[in-house]
Amino acid sequence: MTKHRTGRGALTLVASLAIAACGPATAEITAELDVTSPDGGTVTRPLADLEVRLLPYDRDIVFDSLTQAAPTPEPEVPADILAAQAEVASAQQQWRETEDRWNTLRDTLQSLSATLESLNRGETRYNVLFREWQDLDRQYQQIEREVQGAFQEFETLQAATIERVDSVRFVQADWADQAFADVDAVIAEKIRASGLDAVADTTDSQGMITFEVEPGDYWVFARHELPYNELYWNLPVTVARGEPLQVRLSRDNAEERPIF
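Numbering follows the numbering used here, with no gaps: position 64 of the sequence shown is 60.
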């Protein structure tokens, strides 16, 4: 009779499969943002130090239910204040973009000046670079005036709206303190009922973060604050064992919310 023996390789494979079947599931989050470059285009940059949470409950449903149950409706933001704040944000963006162009020209002029100092004034290359320096210097002076004008416009608009925005912020904060007084208890019950844990961490310098959790349904929650609004993410995902779940956070899948 032939005896069959189980080899160590087969046992190792079985053990590995058993561990994989019982081990944690992995979610890999990448956060990035398209920003304006000095030349007027856009570049994609990682969002470092962004707090990201993997929640076993829908945060929006929690706050929506508490809002509906509140004794008074949530205070609305007047349309004219929203419009005024958008105008301030646009003016600030214009100022910063103009300032970026000014900084780029300044650096270019400094580099050209250093090159000119190393050349003989009788050289053809010196004359070519000097004419280029003169052209850029005229642009620099013009943009410097534009920077000053853009900043003045931004400051004027901001000063005209700041008191009304602060008033709205106070009213909303007072309402939220009362409406969401029980939010911690509601969330604790949601977590208990899910049988899963809520986890949180911050992205690294490359805008990346990895979570290892029990398999299940989660929501990827994060928010990134801009000068006058925020990017808000609350994305439903299912994390399963096997290949890591890949989630990308960007402006494309964020909700843009005004900040007060």
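C-beta atoms are modelled at their ideal positions from N, C-alpha and C, and glycine is treated no differently.
N- and C-terminal bounds of the alpha helix (DSSP H) containing residue i
| i | result |
| --- | --- |
| N99 | A75 to E113 |
| I139 | T120 to A175 |
| E185 | V179 to S190 |
| A196 | Here A196 belongs to no alpha helix (DSSP H); instead the beta strand (DSSP E) covers V195 to T198. |
Contacts around residue i, its chain only, beta-carbon distance under 8 Å, and the 5 residues preceding and following it disregarded
| i | result |
| --- | --- |
| T8 | At T8, the pLDDT of 39 sits below 50, so the modelled position is not reliable; the number obtained from the coordinates is stated separately. Same-chain partners within the cutoff: there are none. |
Short Cβ contact (8 Å threshold) for residue i with residue j
| i | j | result |
| --- | --- | --- |
| A196 | A27 | no |
| T157 | A80 | yes |
| M125 | L112 | A small correction: the amino acid at residue 125 is Leu; Met does not occupy that position in the sequence shown. Yes, the pair counts as a contact, with Cβ atoms nearer than the cut-off. |
| R247 | D30 | yes |
| F150 | V73 | no |
Own chain residues within Cβ distance below 6 Å of residue i, not counting five before or after
| i | result |
| --- | --- |
| P254 | N225 |
| R244 | T26 |
| A146 | Q90, W91 and T94 |
| R49 | A196 and F217 |
| A23 | F207, V235 and L241 |
| N249 | none |
First through last residue of the beta strand (DSSP E) which encompasses residue i
| i | result |
| --- | --- |
| I25 | A21 to T32 |
| L222 | Careful: L222 lies outside any beta strand (DSSP E) and carries neither H nor E. |
| I57 | Taken as a continuous stretch (DSSP letters only), I57 belongs to no beta strand (DSSP E), being part of the alpha helix (DSSP H) at R55 to A65. |
| T40 | T38 to P42 |
| L245 | L241 to L245 |
| T206 | M204 to V209 |
| L46 | Careful: L46 lies outside any beta strand (DSSP E) and carries neither H nor E. |
| R117 | Per DSSP, R117 belongs to no beta strand (DSSP E) and is neither H nor E. |
| E251 | E251 to P254 |
The ligand NAP heavy atom lying under 7 Å from the CB of residue i
| i | result |
| --- | --- |
| T104 | Annotation note on the ligand NAP: not contained in the displayed structure, which lists no ligands. |
Which listed residue (the options) has its alpha carbon closest to that of residue i
| i | options | result |
| --- | --- | --- |
| I77 | Q174, T206, Q154 and A250 | Q154 |
| P71 | A169, D200, L241 and L125 | A169 |
| P69 | D180, E149, A177 and A172 | A172 |
| D193 | E210, T38 and L115 | E210 |
| G287 | P42, Y214 and E239 | An answer regarding residue 287 cannot be provided, because it is not within the stretch -3 to 256 covered by the chain. |
| P42 | T198, Q144 and S107 | T198 |
| A21 | S107, E251, R237 and E252 | R237 |
| A177 | S33, W129, E47 and A65 | A65 |
| T40 | Q202, E221, D213 and Y214 | Q202 |
Contacting residues, own chain, Cβ-Cβ under 7 Å from residue i (five flanking each side not counted)
| i | result |
| --- | --- |
| G37 | none |
| D133 | L105 |
| R121 | L115 |
| Q135 | L101 |
- [ ] Assess, as a yes-or-no matter, whether the region 94 to 103 is touched by the region 132 to 142 under the definition of 3 or more beta carbon pairs within less than 8 Å.
- [x] They touch, by the three-pair rule.
message: Quick test of the definition: if touching needs 3 or more C-beta pairs under 8 Å, does the region 51 to 63 touch the region 172 to 191?
response: Judged by Cβ distances under 8 Å, the region 51 to 63 makes contact with the region 172 to 191, as three or more pairs qualify.
| field | Three-pair Cβ contact test at 8 Å for the region 58 to 76 versus the region 230 to 239 | value | Contact between the region 58 to 76 and the region 230 to 239 is absent, with fewer than three C-beta pairs closer than 8 Å.
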